[in-house]
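K.L.:
Number 821 in the working numbering belongs to position 472 of the first sequence; there are no gaps in the numbering.
Below you will find the structure I want to go over with you.
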Amino acid sequence: MKGDFVIYNSLTRKKEIFKPLVEDRVGLYVCGPTVYSDSHLGHSRPNITFDLLFRYLTFLGYKVRYVRNITDVGHLEGEVDETGEDKISKKARLEQIEPMEVVQKYMNTFHKNMEELNILPPGIEPRASGHIIEQQLMIDSIIEKGFGYEQNGSVYFDVEKYNGQYNYGKLSGRNLDDIKTNTRQLDGQSEKKNSFDFALWKKASPGHIMRWPSKWGEGFPGWHLECSAMSTKYLGEIFDIHGGGMDLVFPHHECEIAQSTASFGHETVRYWMHNNMITIDGQKMARSLGNFITLNELFTGNHKLLNQAYSPMTIRFFILQAHYRSTIDFSNEALQASEKGLERLMTAVKALGELSTSGNSTIDVASLKEKCIAALNDDLNSAIAIAHLFDGVKMINSVKAGTETISATDLDDLTKFYKSMVFDILGLRDEKGAEANDSEVLAGAVELLISLRKDAKANKDWGTADKIRNELNAIGIELKDTKEGVDWKVKAPPGLPGGEEWASNKKDNYKFGR
RNA sequence: GGUCUCUUGGCCGAGUGGCUAGGCAGCGGUCUGCAAAACCGUGUACGGCGGUUCGAAUCCGCCAGAGACCUCCA
């Protein structure tokens with residue numbers, strides 16, 4: 350029995366038992382990236398969090414329609430004073446390329462990074478620029494209901510009027526009066542009725558490249574609108590779960606609720622889920638703070654804050670070791686701890702295949718399984734689930750050492766469960782399994798040297814034995830003497846993240862191959 | 001300034017009233033020609049002050065510190 354799956358709903362601020370709208374099916378929408386620069390450490394959090402959710406829902410037997418958008422137009426900088434430039438247009442101007450080249454470039458990087466982190470692609474990945482019509486129709490509907498107004502070729506959402514009938518601020522816990530007193534009124538000649546009104550459609554200035562025709566003139570859609578339009582299109586007017594980073598709660602998600610409610614007369618989202626931030630030295634990562642690290646930099650170690658490269662799975666494991674609603678503080682020390690811990694877990698998973706069984710078990714496999722599932726059922730508490738997996742690691746090692754025993758049935762059960770938990774649900778993969786780089790020729794040469802070293806050792810010629818080991822190590826091949834024989838691995842093969850660095854005498858690059 | 005959140009052992013991080021979370025580091029040990037790895041064992045922490053309670057890291061109050069959102073941000 351898998352039990353009830355409980356998730357924390359940001360809207361009600363309570364944990365609730367998850368019950369899908371349609372039995373056995375789940376509609377999931379997650380805010381994707383605005384593709385105007387390289388994906389960074391921060392992007393890994395929501396994507397890993399909701400990847401875990403997607404994987405776990407699938408494990409529970411749901412058929413999940415997972416929609417994650419790509420924002421490729423409409424996301425402005427400094428929107429409040431209306432001088433903001435579209436992020437993508439700005440980048441296009443700076444790099445002297447087409448906006449859609451910017452989009453393609455960074456979307457490719459994003460996809461590559463997501464694949465590296467073993468994040469499953471969503472079922473549908475709609476782009477804002479491909480849904481201009483849908484967004485325009487939604488604006489029509491909002492205007493028709495009386496909550497939108499046109500001004501000089503732009504269309505704005507009338508927050509005050511909306512709040513008279515519905516509740517603007519219910520998700521973020523604000524009320525309009527507070528917003529009024531705390532929002533600086535613009536000195537300039539705003540075309541908005543109130544400073545807290547937001548754009549549904551923006552008129553394109555003469556130099557603006559990304560523009561589409563509309564009944565209000567040439568322009569482009571507002572940022573908040575795309576999610577409302579696309580989630581509705583693919584998941585319907587009411588759907589199960591909407592996810593995103595906590596920093597999107599206000600204004601982005603608040604505005605989504607307003608737009609959808611204004612348009613349909615009811616809310617569209619049943620459960621709102623928000624992941625917390627990754628911090629660096631206790632502060633949110635931001636370009637302006639100089640603590641900004643891209644995923645590529647992380648994977649190669651090429652950043653002043655990094656002591657070494659961290660593999661994608663180390664990042665993934667690091668994030669999964671904290672609950673998604675807690676902030677998690679980044680540091681080299683913490684990452685190194687995750688790297689070691691992950692290695693220990695993976696070693697135990699491998700050991701499962703080599704355990705010998707006996708008639709009865711002295712370890713409680715069923716209880717371990719229950720605890721792991723119970724942890725995930727409790728608002729996706731991967732930190733607890735992983736703690737239990739480590740308890741299991743101890744059990745596995747004890748069986749291996751002969752101080753505990755396991756029956757054949759239990760071993761089969763445990764093996765299946767670990768594979769399911771570690772690979773399918775937590776989405777970890779064995780990076781050391783990437784042995785493609787160990788070409789047969791290389792392997793043959795190394796094996797030959799190992800056998801020469803074995804002869805030297807047999808003759809107690811430690812000088813020669815150590816020389817072989819040291820010289821191999823110097824070119825990036827590490828030998829380890831174990832009970833079963835000599836183990837060797839390429840520390841970081843060329844062509845993979847980190848591969849270029851190891852040769853330049855960085856000692857702690859992560860270890861690939863074996 | 002407004003709204004909200006957080007403060008756990010050397011580091012990261014679970015935990016909402018009583019039962020050693022877990023990982024990493026450290027220390028001790030096993031193994032080993034040495035080394036590395038691996039494995040085993042080991043730590044009774046909860047910002048300060050007061051209160052409620054038989055009992056508080058966990059509830060309440062005050063104080064101190066940190067952070068988030070309010071502006072783009074995952």
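Where a beta carbon is used, it is the ideal one built from N, C-alpha and C, also for glycine.
Once the 5 residues before and after F766 are set aside, which same chain residues still bring their CB inside 7 Å of it?
P.N.:
These residues qualify, in order along the chain: K718.
K.L.:
Please go through the same chain and pick out, in chain order, the residues whose beta-carbon is closer than 6 Å to the beta-carbon of H591, but skip the five residues on each side of it.
P.N.:
Hits under 6 Å: Y378, V618 and W621.
K.L.:
Hey, would you say I528 sits closer than 9 Å to F545, going by beta carbons?
P.N.:
Result yes, Cβ atoms of I528 and F545 sit closer than 9 Å.
K.L.:
Please return the same chain residues whose Cβ sits closer than 6 Å to the Cβ of N709, not counting the five positions on each side in sequence.
P.N.:
Around N709: S756.
K.L.:
Any chance the stretch 604-617 sits against the stretch 558-577, with 3 or more Cβ pairs inside 8 Å?
P.N.:
Cβ pair count under 8 Å is three or more, so yes.
K.L.:
From the DSSP output, which residues share a beta bridge with S503?
P.N.:
Partner(s): Q500.
K.L.:
So, using beta-carbon positions, are N462 and S521 closer together than 9 Å?
P.N.:
No, Cβ-Cβ distance for N462 and S521 is not below 9 Å.
K.L.:
Given Y498, which residues of its chain have a CB within under 8 Å of its CB, disregarding the five upstream and five downstream residues?
P.N.:
Same-chain partners within the cutoff: I492, V504, Y505, D507 and K542.
K.L.:
Look up F547 in the DSSP assignment and say whether it is helix, strand or coil.
P.N.:
Three-state result, F547: strand.
K.L.:
G592 bridges to which residues according to DSSP?
P.N.:
G592 pairs with V379 and M622.
K.L.:
Output yes or no for whether 9 Å exceeds the beta carbon distance between Q485 and K564.
P.N.:
A contact, by the Cβ cut-off of 9 Å.
K.L.:
Can you check the stretch 557-585 for any alpha helix (DSSP H) of at least 4 residues that lies completely inside it and give the ranges in chain order?
P.N.:
Taking only runs of at least 4 residues, the alpha helix (DSSP H) segments lying wholly in the stretch 557-585 are 572-584.
K.L.:
Quick one: is the Cβ of N640 within less than 8 Å of any heavy atom of the ligand ZN?
P.N.:
The model depicted lacks the ligand ZN and carries no ligand whatsoever.
K.L.:
Thinking C-beta only, is G391 closer than 9 Å to M626?
P.N.:
Contact flag set, yes.
K.L.:
Taking the straight line between their C-alpha atoms, what separation do you get for S637 and A548?
P.N.:
The straight-line gap from Cα to Cα measures roughly 26 Å.
K.L.:
Quick one: give me the first and last residue of the beta strand (DSSP E) that F772 is part of.
P.N.:
That residue, F772, is in no beta strand (DSSP E); it is neither H nor E in DSSP.
K.L.:
Buried or exposed: where does D430 fall if 16 or more other Cβ atoms within 10 Å of its Cβ makes it buried?
P.N.:
At D430, the pLDDT of 41 sits below 50, so the modelled position is not reliable and the matter cannot be decided from this model.
K.L.:
Please report the residue range of the beta strand (DSSP E) in which V839 lies.
P.N.:
Counting along the chain, the beta strand (DSSP E) containing V839 begins and ends at G834 to V839.
K.L.:
Does Q632 come out as helix, strand or coil in the three-state DSSP assignment?
P.N.:
In the structure shown, Q632 sits in a strand (DSSP, three-state: E or B).
K.L.:
Do you know offhand how far N524's Cα is from N624's?
P.N.:
Looking at the two C-alpha atoms, the distance is approximately 23 Å.
K.L.:
Below 8 Å, how does it come out for the stretch 690-706 and the stretch 719-726: are there three or more Cβ pairs, yes or no?
P.N.:
The stretch 690-706 vs the stretch 719-726: no contact.
K.L.:
For V384 and G472, which I take to be in contact (beta-carbon distance under 8 Å), what is that distance rounded to the nearest angstrom?
P.N.:
The pair is not a contact, with the Cβ atoms about 19 Å apart (cut-off 8 Å).
K.L.:
How would you label A785, buried or exposed, when you count the other beta carbons within 10 angstroms and need 16 or more for buried?
P.N.:
Any reading at A785 must be qualified, since the residue scores a pLDDT of 43, below 50, and its modelled position is unreliable; the value itself is stated next. That one is exposed.
K.L.:
Are the stretch 665-681 and the stretch 729-738 in contact at 8 Å, needing three or more beta carbon pairs?
P.N.:
Output reads yes: the stretch 729-738 touches the stretch 665-681.
K.L.:
Do you know offhand how far L775's Cα is from F367's?
P.N.:
In a straight line, the C-alpha of L775 is about 20 Å away from that of F367.
K.L.:
Taking Cβ to Cβ, would you say H389 is nearer than 9 Å to T643?
P.N.:
It is a contact, given that the beta carbons lie within the stated cut-off.
K.L.:
What whole-angstrom Cβ distance do I745 and A697 have, given they're in contact under 8 Å?
P.N.:
At roughly 5 Å, the Cβ-Cβ gap stays under 8 Å, so I745 and A697 are in contact.
K.L.:
Determine the burial state of S716: buried for a count of at least 16 other Cβ atoms within 10 Å of its Cβ, exposed for fewer.
P.N.:
With fewer than 16 other Cβ atoms within 10 Å, it is exposed.
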